[in-house]
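Numbering (the numbering used here), first residue to last: -7 to 301. Idealized CB from N, CA, C, for every residue including glycine.
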Ligand code: A3P
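Written out as structure tokens, the structure is:
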């Protein structure tokens, strides 16, 4: 997983260049009540997505933006590619698509249908906006969650640094938008609530950013077992070593280009403490209590441990 992702990097660079020429009013559009960045998503692609045919051996990663999707995405891709090393079907850069399901042109699903190897697909979409075939075919999904205060913090720096996303005058303005769910890919709280309906599905495995931070080796092993990837202990260790924050940041020139300088920011738990003041804490604690307390995924997030000052 140290290969140069030229297609990925040029796709992101193109989006940055487009975003730089657009006004704040133009950079987002709304589809079925949720906002998306117009540089990388489109209503045509969403329409085409409805008829996407999931395969039973597809490897899906679902996560709200800023939950660590690039991190766990690398782990998953590395696991799958490593497991295929002895087969002929190793990834071919020419055939590669941008890994996020809903990002790209409307024809990408026709190209994806022809891919000759096991597909690793990421998505920020809530389950009700995913194509029916994923649930019908019981395609396995790894659901990645991160505590809402760190997600909000990470998103704040990210959205202000990148031209294709909205910019905010200050943390307070941004925080209001986050709490109202006026974010690219919608509300964090709605996202977790919708996925909570699938918390007991056999084809869904949930993992949190925080548990992976606490024990990456155990997380990688569990992910590998869930997708029935048969790797040796040595191969698993290789995936673990290549997915440390340091290793990924150092390699980001090849994997993410200049975008990597924004993406690999801190990679820590509890950075929210540098931005949240008493009123922000109160507002988010109340919202969490109202929306997610007592739910299975709410429990999984361990709010008391990770979000109480
Ligand atoms: P911070 O902004 O808090 O540093 P996403 O990929 O969904 O956009 O999430 C980005 C977040 O994941 C960023 O969080 C980033 O630093 C963190 N991240 C990326 N790679 C990581 C790694 N190997 N270990 C821990 N965190 C990582």
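query: Identify every run of the alpha helix (DSSP H) within the segment 256 to 288, keeping only runs that are complete inside it and at least 4 residues long; order them along the chain.; result: 270 to 284
query: If you measure between the beta carbons of residue 145 and residue 263, is that distance less than 9 Å?; result: yes
query: Assign residue 93 to one of two classes, buried (16 or more other C-beta atoms within 10 Å of its C-beta) or exposed (fewer than that).; result: buried
query: Check each candidate in 267, 199, 216 and 35 and name the one with the smallest Cα separation from residue 61.; result: 199
query: If we call anything under 9 Å between Cβ atoms a contact, is residue 68 one with residue 134?; result: yes
query: Measuring CB to CB, does residue 132 end up less than 9 Å from residue 50?; result: yes
query: I'd like to confirm something about residue 246: is its beta-carbon nearer than 8 Å to some heavy atom of the ligand A3P, or not?; result: no
query: When burial is assigned at 16 or more other CB atoms within 10 Å of the CB, is residue -4 buried or exposed?; result: exposed
query: Can you tell me whether residue 224 is buried or exposed, with buried defined as 16 or more other CB within 10 angstroms of its CB?; result: exposed
query: Looking at residue 235 and the ligand A3P, is the gap between the Cβ and the nearest heavy atom below 8 Å?; result: yes
query: Per DSSP, which residues does residue 22 bridge with? Please list them.; result: 27
query: Find the nearest neighbour of residue 215 within the set 168, 293, 35 and 65, judged by alpha-carbon distance.; result: 65
query: Classify residue 221 as buried or exposed, calling it buried when 16 or more other Cβ atoms lie within 10 Å of its own Cβ.; result: buried
query: Reducing DSSP to helix, strand and coil, say where residue 95 ends up.; result: coil
query: Is residue 177 a contact residue of the ligand A3P, with contact defined as CB to any heavy atom under 8 Å?; result: no
query: Looking only at its own chain, which residues have a Cβ that is under 6 Å from the Cβ of residue 122, when we skip the five neighbours before and after it?; result: none
query: For the candidate residues 151, 230 and 119, whose alpha-carbon lies nearest to that of residue 130?; result: 119
query: Hey, quick one: how far does the alpha helix (DSSP H) through residue 137 stretch, first residue to last?; result: No alpha helix (DSSP H) holds residue 137; the beta strand (DSSP E) holding it covers 132 to 137.
query: Relative to the C-alpha of residue 32, which residue among 95, 38 and 183 is closest?; result: 95
query: For residue -2, is the classification buried or exposed, using 16 other Cβ atoms within 10 angstroms of its Cβ as the cut-off for buried?; result: exposed
query: Going by DSSP, which residues form a beta bridge with residue 176?; result: 27
query: Buried or exposed: residue 54, going by 16 or more other Cβ atoms within 10 Å of its Cβ?; result: buried
query: Using a Cβ distance threshold of 8 Å, determine whether the segment 165 to 182 contacts the segment 39 to 47, with at least three qualifying pairs required.; result: no
query: Looking only at its own chain, which residues have a Cβ that is under 6 Å from the Cβ of residue 1, when we skip the five neighbours before and after it?; result: 249
query: May I ask which residues mark the beginning and end of the alpha helix (DSSP H) holding residue 8?; result: -2 to 12
query: Have a look at residue 58 and residue 17 and give me their C-alpha separation to the nearest angstrom.; result: 23 Å
query: Select from 89, 208 and 203 the residue whose C-alpha is nearest the C-alpha of residue 298.; result: 203
query: Please indicate yes or no: does the CB of residue 62 lie closer than 8 Å to some heavy atom of the ligand MG?; result: As presented, the structure is devoid of the ligand MG, carrying the ligand A3P as its sole ligands.
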